[in-house]
Each structure stands twice: as structure tokens, then as C-alpha cells.
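Reading through the C-alpha cells given below for one structure.
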Amino acid sequence: MAYQVLARSWRPRRFEEIVGQDVVVRTLQNAIAGGSLGHAYLFSGLRGVGKTTAARLLAKAVNCEHGPTPEPCGECVPCREIADGTALDVVELDGASNRGIDDVRELRELVRYRPTRDRYRVIIVDEVHMLTREAFNALLKSLEEPPPYILFVFATTEPHKVPATILSRCQQLEFRPVAAELIARHLLAIADREGFRLE
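Heads up: take any position in the sequence shown, counting from 1, add 38, and you land on the working numbering.
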């Protein structure tokens, strides 16, 4: 078996494995179970608190063969492809590197077409606050009148830099800092499972 960085091998595969974000997890699971999922979410919080992981799990939840479900199976083709980063209908964009209007125009083009296989085309934009003003303006039209098969998930460490016109079209979920004691407990459990000796 090939070596995998611990951070990747222990990345949460289920909502219940996300540490310290119980309110966010419950909100998302209730929306999925109740059929009241929004078309756009803004996940905000410090780096490393689970925003991107939650976005990927949300993509699994809406596209799982047994779903939409608050607990994606993790075993079906859509779930595995999303975990591997090979799903055609889940697009991840780094807003820091792809911040211009041309990048957003490509996304808008994707929005026009139905998903290749899955229920939803999920567009995840990390560090969305880094987009240019022109890019935000281009994105606005897609957010105002999204097709029913599109789900936007924006993640940011700086929500105050996201224009009000974008914020008002998103359901906003704040990821809280994770308590040091909770992090320590989680790391000790991982170390134990990995067979590490700690002194």
C-alpha cells in the first residue's frame, strides 16, 4: 500500500467525523434530510476547521447513489470519485489562483449544462474572497437564477471581503475555532490507532 500523509488518510469521510463543528454538521444534515437544501452556501472560518472537507462531504451527500442522504455511504461510485477528486460533476476552484473573470466565465458555462451523471453539479470555490470584483459580478447572475441541479459551496477565511450581493444569495455557516482540548483528544486517538508511542 502506498504511503499517504496522515492528514489525508485521517480526513473525515463522514459528517460525524468532522471535529468541533456540530452545529454546522447538524444544519447541513437537517437540510438534506428535510429536502430544504439551499442552492448556495458560504462556509466561513479559520484555516483548518473543516470547510473544504464539509463541502466535499456535502457533494457526496447530494450525489450518493443512496441519496440525497445526510450520511453518504462512501462506497458507491459517486462517493469514491468525489473522495478521489475525480468526479466530473464536482468542480473545485481555488479562488486565490483562479480569481479572474475568465475563470468565473468557465464556471458559468458549466452551470448551463446538466450534470454528466450525478444528481447535482457541485461547484466548490475555496478562498472565494480572493475573486476580483469583475469575477464576483460575473458570478452573480448564476447565483440569482441557478438551475435546480447546481449547488455552490464557497469557502472563505475572510467573509467581510465577499460582496454583500453574493452574501445575500448564500446560506452562511460559520465554522468555529476547534478547542485545543478537542484537538488534543482527537490527535491522541489517531496516534493510538496508528501505533505511535507518545512520551
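In this text, a Cβ means the ideal position worked out from N, Cα and C, and glycines have one as well. All values derive from a computational prediction rather than experimental measurement.
Candidates the options: closest to residue i by CA position
i, options, result
"G72", "L148, T107, P153, V129", "T107"
"R146", "S180, R171, W48", "S180"
"V163", "G138, A227, V61", "G138"
"R159", "R171, E130, N136, V142", "E130"
"L169", "I70, E119, N136, D230", "N136"
"F174", "G233, V200, A193, R214", "V200"
"I161", "E172, R171, D141", "D141"
"S47", "V115, D122, S74, P116", "D122"
"L205", "K98, A193, P110", "A193"
"H198", "Q59, G83, P215, A45", "G83"
"T203", "R171, T154, V216, K98", "R171"
"I56", "I70, A93, S74", "A93"
"P185", "V216, L148, V62, I70", "L148"
"E109", "L226, A229, V115, V63", "V63"
"V61", "R118, P215, D230", "P215"
Secondary structure of residue i, DSSP reduced to three states
i, result
"L169", "coil"
"A97", "helix"
"E54", "helix"
"L75", "coil"
"V61", "helix"
"S82", "strand"
Rounded C-alpha distance that separates residue i from residue j
i, j, result
"R85", "V43", "18 Å"
"T65", "V191", "15 Å"
"V87", "E113", "25 Å"
"R150", "E165", "23 Å"
"R152", "N101", "13 Å"
"G133", "H167", "7 Å"
"E196", "E232", "35 Å"
"V188", "E219", "What sits at residue 188 in the sequence shown is Ile, not Val. For I188 and E219, the distance between alpha carbons rounds to 38 Å."
"N68", "G105", "14 Å"
"E183", "R207", "10 Å"
"L96", "H224", "22 Å"
"F234", "A222", "14 Å"
Check: residue i C-beta below 7 Å from any heavy atom of the ligand FMN
i, result
"T203", "The ligand FMN is not part of this structure, which contains no ligands at all."
| How do the stretch 126 to 137 and the stretch 49 to 61 stand: do at least 3 beta-carbon pairs fall below 8 Å, yes or no? | No, they do not touch.
| field | Length-filtered (4 minimum) alpha helix (DSSP H) runs lying within the stretch 99 to 145 | value | Within the stretch 99 to 145, the complete alpha helix (DSSP H) runs of at least 4 residues are 115 to 122.
| task | State whether the stretch 206 to 218 contacts the stretch 77 to 84, with contact taken as three or more CB pairs (one from each stretch) at a distance under 8 Å. | result | Two segments are said to touch when three or more pairs of C-beta atoms, one from each, lie closer than 8 Å; by this definition the stretch 206 to 218 touches the stretch 77 to 84.
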